[in-house]
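Participant:
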DNA sequence: GTCTATAGATCGATAGAC
DNA sequence: GTCTATCGATCTATAGAC
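Structure representation (structure tokens):
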């Protein structure tokens, strides 16, 4: 038979625990409470325990961004609209800064060594998709890369500062500033 | 008698452990190995264990920034030079992005509830000192605040992305971009 | 697929000798 | 001020019944 919870639901619930308490700060007791699954079930679905759960969570997050951010950036014929769509999705996903970026947080310490390839792949994918979109809008190759990386820095920094100061306005301002910078640059290229 | 290690040395060593493994990821065994102090000594100097150590580490970091960043920003008669001094100190402290910001990392999860006032106080102090410096350079009150916060976002985001991509160039570029933005703004005000 | 029970390891914290 | 020994709690992981 199937799970009591969908696997995706369980993975999402575990992801929220990791977001809130970190990898080492999350125990099987908490995972059982959040998912309704005992240790037997958890080890049945994730034979290597928290390591497998982490990989599933990271894949889950990556897949969401693939569908809602990266792929739209690749597919949209209109760079300016694609940018707007990206910022709207990002703002929604991170709940205006109240939710943190699991991959960014995990990259800091915690479980670095085991998952840093996947974390780097996620960010690299994002940067490349955004840079390619800007490139299609007429921005030079080098500037597209620099701008895309600057946007990533703004998003991650906005999340950190919004949490540190408990002020979601910081995150929203960061997104708005990034969006404005990109639009100004795209408009300048469009009128040439 | 005194400690085998200076208290400041022990605190610094514990801070490096927290940076690398996080709060929950650092055990007393690791702390003993790093400081040469057994549990008896550790609890003698930090009666409440890791909580007291964390407070000492955060105070130690805050004090370093007070002396090397905040106070120079307050005291310097030349805003442009003060800005350069700040970025040089920041770049040196974070070792071009290879070292992470303990307060930024702790603000994400880990030990949020216990220390968020101190973390917020640290960042607020920094933002205010930087904004006041820009204000003295002729930048408007609102823009000074916005620019100062944008710089903080750039620094924190630069650290996250540099770690995630294992590329210190990302951090150095972020600092350079922030510095350039501030100088351009200060120069514009100086010529008016 | 799910549960309970439990082993085995590690951790945080304390007590007491030096 | 420092150490060792140790307790009790918690955690990861496994075994076995349903």
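Residue numbers (the numbering used here), protein chains in the order written: chain A, 1 to 192; chain B, 1001 to 1192.
We treat Cβ as the ideally placed atom computed from N, Cα and C, and that holds for glycine.
1. Give the single residue among A:5, A:45, A:61, A:159 whose Cα lies nearest to the Cα of residue 15 (chain A).
2. Nearest chain A C-beta to residue 1107 (chain B) closer than 7 Å, yes or no?
3. Is the beta carbon of residue 164 (chain A) closer than 7 Å to that of residue 1114 (chain B)?
4. Tell me which residues of the segment 1147-1160 of chain B have at least one Cβ-Cβ distance to chain A shorter than 9 Å, keeping chain order.
5. Which residue's Cα is closest to the Cα of residue 187 (chain A): A:76, A:122, A:134?
6. Alpha carbons only, please: which of A:55, A:34, A:177 is nearest the one belonging to residue 122 (chain A)?
7. Using the C-alpha atoms, what's the distance from residue 1094 (chain B) back to residue 1153 (chain B)?
8. I'd like to know whether the C-beta of residue 1119 (chain B) is nearer than 7 Å to at least one C-beta of chain A.
9. Ordered along the chain, which non-local residues of its own chain (more than five positions away) have a Cβ less than 7 Å from that of residue 1097 (chain B)?
10. Show which residues of chain B have a CB atom less than 9 Å away from the CB atom of residue 100 (chain A).
11. List the residues of chain A that residue 1134 (chain B) touches, going by C-beta distances under 8 Å, in chain order.
12. What did DSSP end up calling residue 1076 (chain B) once you bin it into helix, strand or coil?
13. Quick one: what does DSSP say residue 109 (chain A) is sitting in, helix, strand or coil?
14. Relative to chain A, which residues along the segment 1172-1184 of chain B have a C-beta separation below 8 Å, given in chain order?
15. Whose C-alpha, out of A:185, A:91, A:13, A:156, is nearest the C-alpha of residue 69 (chain A)?
16. Please say whether residue 101 (chain A) and residue 139 (chain A) have beta carbons closer to each other than 7 Å?
17. Please report the distance separating the alpha-carbon of residue 1 (chain A) from that of residue 75 (chain A).
18. Hey, does residue 94 (chain A) have any beta-carbon neighbour from chain B nearer than 7 Å?
19. Sort B:1184, B:1176, B:1192 by Cα distance to residue 1088 (chain B) and report the nearest one.
20. Exposed or buried, which one is residue 1141 (chain B) when buried takes at least 16 other CB atoms within 10 Å?
21. How about residue 136 (chain A): is its Cβ closer than 6 Å to a heavy atom in the ligand MG?
22. Leaving out five residues before and five after residue 1156 (chain B) in sequence, what residues of the same chain have Cβ atoms less than 7 Å from its Cβ?
Facilitator: Looking at the coordinates:
1. When only C-alpha atoms are compared, the closest one is A:61.
2. Interface criterion met: the Cβ of residue 1107 (chain B) is under 7 Å from a Cβ in chain A.
3. No, they are not a contact pair.
4. Residues passing the 9 Å Cβ filter: 1149, 1150, 1152, 1153, 1154, 1155, 1156, 1157, 1158, 1159, 1160.
5. Selected option, being the one with the closest Cα: A:134.
6. It is A:55 whose Cα lies nearest to the Cα of residue 122 (chain A).
7. Looking at the two C-alpha atoms, the distance is approximately 15 Å.
8. The C-beta of residue 1119 (chain B) comes closer than 7 Å to at least one C-beta of chain A.
9. Excluding residues within five positions, the ones whose Cβ falls inside 7 Å are 1158, 1159, 1162, 1168, 1170, 1171, 1172.
10. 1108, 1109, listed in chain order.
11. Identification of chain A residues near residue 1134 (chain B) by a Cβ-Cβ cut-off of 8 Å yields none; the smallest Cβ-Cβ distance measures about 16 Å.
12. In the three-state reduction of the DSSP assignment, residue 1076 (chain B) falls in the coil class, being assigned neither a helical nor a strand state.
13. In the structure shown, residue 109 (chain A) falls within a coil segment according to DSSP collapsed to helix, strand and coil.
14. Correct list: 1173, 1174, 1177.
15. In this structure, A:91 is the residue among A:185, A:91, A:13, A:156 with its C-alpha nearest to the C-alpha of residue 69 (chain A).
16. With respect to the 7 Å criterion, residue 139 (chain A) and residue 101 (chain A) are not classified as neighbours on the basis of their beta carbons.
17. Confidence at residue 1 (chain A) is low in this model, with a pLDDT of 45, below 50, so the placement of that residue should be treated as unreliable; the coordinate-derived value is given next. Answer to the nearest angstrom: the Cα atoms are 38 Å apart.
18. Among the residues facing chain B, residue 94 (chain A) is not included, as its CB has no counterpart in that chain under 7 Å away.
19. With respect to the C-alpha of residue 1088 (chain B), the residue from B:1184, B:1176, B:1192 having the closest C-alpha is B:1176.
20. It is exposed - the Cβ of residue 1141 (chain B) has fewer than 16 other Cβ atoms within 10 Å.
21. As for the ligand MG, it is missing from this structure, which has no ligand bound.
22. 1101, 1104, listed in sequence order.
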